[in-house]
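Trainee: Those sequence lines, one after another, are chains A and B. Note that my numbering has the first sequence beginning at 1, numbered continuously upward. Note that my numbering has the second sequence beginning at 1001, numbered continuously upward. Idealized CB from N, CA, C, for every residue including glycine. All of these numbers come straight from a predicted model, not from anything done at the bench.
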Amino acid sequence: MFTRVFLDEEVVVTNPLLELTGISKSFPGVKALQNVEFTLGGGEVLVLVGENGAGKSTLMKILSGIYQRDEGTIRVDGREVEIPTPAVAQSLGISIIHQEMNLMPDLTVAQNIFIGREPRVLGVIQEGKLNRQTSELLTRLGINVNPKQRVGDMTVAGQQMVEIAKALSYDARVLIMDEPTSALTDTEVETLFELIENLREKGTGVVYISHRMEELKRLADRVVVLRDGQYIGQLDREEIDVPTIIEMMVGRQIKSDVRPPERDFSDAETILRVKGLSTKSLLKDVEFELKKGEILGFAGLMGAGRTETARALIGADSKSAGSVEIHGKPVKIKQPSDAVKHGIGYLSEDRKGIGLLLEQSVAANTVLASLDKFNRFGIMQDGKSKRVAGDYVNDLKTKTPSTQQMVKLLSGGNQQKVVLAKWLVRDTDILIVDEPTRGIDVGAKEEIYSLLEGLAAEGKSIIVISSELPELLRIADRIVVMASGEIRGELLNADATQNRIMDYATQIAEEGELTL
Amino acid sequence: MSEAKTETAPGTPGSGWNWKSWIQQGLAVGTLVMLFAFFSFMNPAFYGWSNISGILLATAGIGIMALGTTFVIATGGIDLSIGTGSTFAAVVVGVFGVNVGLPMWLALIIGVGAGALMGFINGFNVAFLRIPPFIATLAMMMVAQGLALILSDVAPIYFRDTPWFSQIALGNLIPGLPNGVLIMFVLVAISAFVLARTKFGRITLAIGSNVEATRLSGIPTKRWLVMIYTFAGMFTAVAGIVMASRLVSAQPQMGVGLELQAIAAVIIGGTSLMGGRASIVGTLIGALIMSTLINGLRIMGVQSEWQFVASGIVIALAVWVDSLRNRSKST
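(1) Give the range of the alpha helix (DSSP H) segment to which residue 218 of chain A is assigned.
(2) Since residue 250 of chain A and residue 499 of chain A should fall inside the 8 Å C-beta cutoff, what is the C-beta to C-beta distance between them, to a whole number of angstroms?
(3) For residue 1200 of chain B, return the contacting residues in chain A, with the cut-off set at a CB-CB distance below 9 Å.
(4) Counting only Cβ-Cβ distances shorter than 9 Å, please list the residues of the region 446-471 of chain A near chain B, keeping chain order.
(5) Taking C-alpha atoms, which residue in A:403, A:460, A:448 lies nearest to residue 429 of chain A?
(6) Excluding the 5 residues flanking residue 1323 of chain B on each side, which residues of the same chain have their C-beta closer than 6 Å to its C-beta?
(7) Would you say residue 1172 of chain B lies against chain A (beta-carbon separation less than 7 Å)?
(8) Under 7 Å, Cβ to Cβ, is there at least one residue of chain A near residue 1085 of chain B?
(9) By the DSSP assignment, the beta strand (DSSP E) with residue 482 of chain A in it spans what residues?
(10) So, under 8 Å CB-CB, residue 1080 of chain B and residue 1118 of chain B are touching, yes? Tell me the CB distance rounded to an integer number of Å.
(11) Report all residues from its chain with a CB closer than 7 Å to the CB of residue 1047 of chain B; omit the five preceding and five following residues, and keep chain order.
(12) Would you say residue 254 of chain A lies against chain B (beta-carbon separation less than 7 Å)?
(13) Taking the beta carbon of residue 522 of chain A as the centre, do at least 16 other beta carbons fall within 10 Å, making it buried, or is it exposed?
(14) Note down, in chain order, every chain B residue with its Cβ under 7 Å from the Cβ of residue 310 of chain A.
(15) Quick one, are the C-beta atoms of residue 65 of chain A and residue 56 of chain A less than 7 Å apart?
(16) Under the three-state reduction of DSSP, which class applies to residue 227 of chain A: helix, strand or coil?
(17) In this structure, does DSSP put residue 351 of chain A in helix, strand or coil?
(18) Using beta carbons (cut-off 7 Å, strictly below), is residue 1209 of chain B in contact with chain C?
(19) From the DSSP output, read off the bridge partner residues of residue 31 of chain A.
(20) Tell me the DSSP secondary structure of residue 299 of chain A in three-state form.
(21) Grouping DSSP H, G and I as helix and E and B as strand, with all else coil, what is residue 370 of chain A?
(22) If you measure between the beta carbons of residue 1059 of chain B and residue 1291 of chain B, is that distance less than 7 Å?
(23) Less than 8 Å between C-beta atoms, sequence neighbours within five positions excluded: which residues of the same chain meet that for residue 137 of chain A?
(24) Please list the segments of the alpha helix (DSSP H) lying wholly inside the region 358-402 of chain A, counting only runs of 4 or more residues, in order along the chain.
(25) When we look at the beta-carbon of residue 497 of chain A and count the other beta-carbons within 10 Å, is it buried (16 or more) or exposed?
(26) Strictly below 7 Å CB to CB, what residues from chain B border residue 346 of chain A?
(27) So if DSSP puts residue 318 of chain A in a beta bridge, which residue, or which two residues, is it bridged to?
(28) List the residues of chain A whose Cβ lies closer than 7 Å to the Cβ of residue 1276 of chain B, in chain order.
(29) Are the CB atoms of residue 418 of chain A and residue 362 of chain A nearer to each other than 7 Å?
(30) Can you give me the Cβ contacts of residue 368 of chain A inside the same chain, cut-off strictly under 8 Å, excluding the 5 residues immediately before and after it?
(31) Is there a Cβ of chain A sitting closer than 7 Å to that of residue 1197 of chain B, yes or no?
(32) If I'm right that residue 400 of chain A touches residue 213 of chain A with Cβ under 8 Å, what's the distance once you round it to whole angstroms?
(33) Are the CB atoms of residue 230 of chain A and residue 34 of chain A nearer to each other than 7 Å?
(34) So which residues on chain B does residue 340 of chain A lean against when the C-beta distance must stay under 8 Å?
(35) When you compare the CB positions of residue 1232 of chain B and residue 1069 of chain B, do they come within less than 7 Å of one another, or not?
(36) Within the same chain, show all residues whose beta-carbon is closer than 8 Å to that of residue 1155 of chain B, passing over the 5 residues directly before and after it, in chain order.
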């Protein structure tokens, strides 16, 4: 992987293009990266894999100057560097293609690529020269796109090519791509791969983030595996083997391998039955049942359709087909208020974005889903709100100075307890909790688990959507695995292992199992 | 981590005052006091009761408009149709009460109904058709102006045969205090109560804080938005009636431009343009600042052109203060 230069019988290894050692980064309550290292040579494609939350994105943000590392060194061409801003990353020759596109749809290809750097005479942009220069760049990269085309009219793949061309127009020598194929069709993926191979030949170093196993074999010179923010290991091209990688991605030695006691729900009442749930954009024929007192886990990778299932179910997004039965009776759920009326509460994965009124008090948030219980003739009974909110603060051990505290100022775990309290006050039979412990530290996680278990024991039915497999294995009685908007498998907790779940989630299960 | 910081959420159950709204309220009250002192110093005629009651009466129109708008802005919306909408409602009262000859009480009800209908359409367009509030109410502003001109035949409608109509604003149920001012104060009290103490007010602020979180909590936010805009439309109509009563006529152009004064009053009073935080008393103070400024400059003999300039500067300053506060909030 390194170029060897022979000088007087001495072997001198030239410096790698990019070298990371001992990179660590913490956020309040979470260690996002610990001691991560890798090196990237010119003309090498390094694929970075890991589960959701393994730290891939954090690492990329450190490299692109969006986050600052707490510890460790970054070397470019052997020289230690600081990357305080994205502009510095650019000047060091590091370019990132983010998952979400950063192009301006109403500008042309050429205008996008050279935005802010257009050839000008007396401040007037030379469109002709701009287009010629873009054309040259695109030809050099082997990208077949018209510089004058409006970006908004292009396919996602075409836009991605423009992103790549833009990145390389800054003389990028290190190109980082964050799951670039997630929105592409098969032929588009092929075009992208050809471009990457082309770049490799020209000596560009590529860091490619993915969790699609089939892409690894095709592209990778090397695979680096991260897990829980830690560097787990790397495999060279000839060692790449999908089961081994999955093992490395999930195979943590679970220290406290706690599983819920095996419970039999075959005689329990079916509280919720979902049939043929589909949406225009993603979901295909999702079907499942939820029993009284059961905790049902939803596993899957990012974009598998778990949150979409919850949102379509509660009427937050529109469904194109599907029926829902609650307590055996068909119900119509067109908007979230219908879902709440029928006894379904949804705790969003995006707690701060759409789960809470951050600027309002603990008490105001606690009663938000049950305002009708707290007013008489339209006049709010604030004493009662405070009392009830106070009771839940005590019951859930929410750490807050008072029920009048602004929710924004609480920690993640305590915010989650406020959201939970909101739905407990509403007293819904069914709770859907989406990533209940995201951004919450380890101690508080265990508290949330026992709260959920306690609720299930009281007869509430709970759906837990989680990207953390140990979490699902820890609390779910049964686990449904989704991929590409479909349910791919279903496992009782006793039969479930991280590897089996990942098999379903990454679509490489043996055929027999796929037909479940 | 945040145990040391005890900051109470504003506009939430029984939270009373927090330091941020204190600062804003303090700034607004301070500005009003300073304006008052300044104009009194410049011209002693300014602080005579007759001038003060004149200022109060001049405030009534935009003040009442601004009260309803406070609710709309508290949801994160805006209502540009209040100025011409108030004219429209007044013209409707004139047409039915004078031209058609219905009993005046019935004409007044129809006028308020017309305002409510305008608000309802605004709310429907915003909530169900997802037209941005700025555009939806801008359209309504034009429609209302056009309808006011059409219905009135581009001429003032005088309430000559119903002398008590002028008593709505100009009478003195309380000696020395014009009824229009009394109506404003009563509506301030009602609005403050509704905002702080009722489910309606609570949902208004919840929508402004985070409409999606509110929707996911099972509150039918679209229906509530329609109600809030309708509520604001009724205030608009009352404002139009008070203004018409004061002029003893429905002038088909009288509300033009007032929407901006009313919106400025709301913002000066500390209601956030982003929604989620609102103050009714603040709105009243904001409205008083606007009319004190105009009245004072007029008494000083400043030309009306310059009154516009001064109002504009005050509005810019107020919104700047609001943005300073939002900036400090986001960091």
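Mentor: So, from the data block:
(1) 213-219
(2) 6 Å
(3) 378
(4) Interface annotation for the region 446-471 of chain A against chain B: empty, criterion Cβ-Cβ distance under 9 Å.
(5) A:460
(6) Excluding five sequence positions before and after residue 1323 of chain B, none of the CB atoms of its chain fall closer than 6 Å to its own CB.
(7) no
(8) no
(9) 478-483
(10) With 8 Å as the limit, residue 1080 of chain B and residue 1118 of chain B do not qualify as a contact, their Cβ atoms being about 12 Å apart.
(11) 1040
(12) With a pLDDT of only 43 at residue 254 of chain A, under 50, the local geometry of the prediction cannot be trusted, and no value is derived from it.
(13) Chain A is shown only over 1 to 516; residue 522 of chain A falls outside these bounds and no answer can be derived.
(14) Ordered by position in chain B, no residue passes the 7 Å Cβ test against residue 310 of chain A, which lies about 10 Å from the chain.
(15) no
(16) strand
(17) helix
(18) Absent from the structure: chain C. Protein chains present are A and B.
(19) A:26
(20) Look at residue 299 of chain A here: in three-state DSSP terms it is strand.
(21) helix
(22) yes
(23) Short of 8 Å from the beta carbon of residue 137 of chain A, and not among the five residues preceding or following it, lie these beta carbons of its own chain, in chain order: 113, 165, 168, 169.
(24) 362-366, 382-395
(25) exposed
(26) 1216
(27) According to DSSP, residue 318 of chain A bridges with nothing at all.
(28) 359
(29) Contact check for residue 418 of chain A against residue 362 of chain A passes: the beta carbons are separated by less than 7 Å.
(30) 357, 422.
(31) yes
(32) Between residue 213 of chain A and residue 400 of chain A the Cβ distance is about 45 Å, and since that is not below 8 Å, they are no contact.
(33) yes
(34) 1217, 1218
(35) yes
(36) 1252
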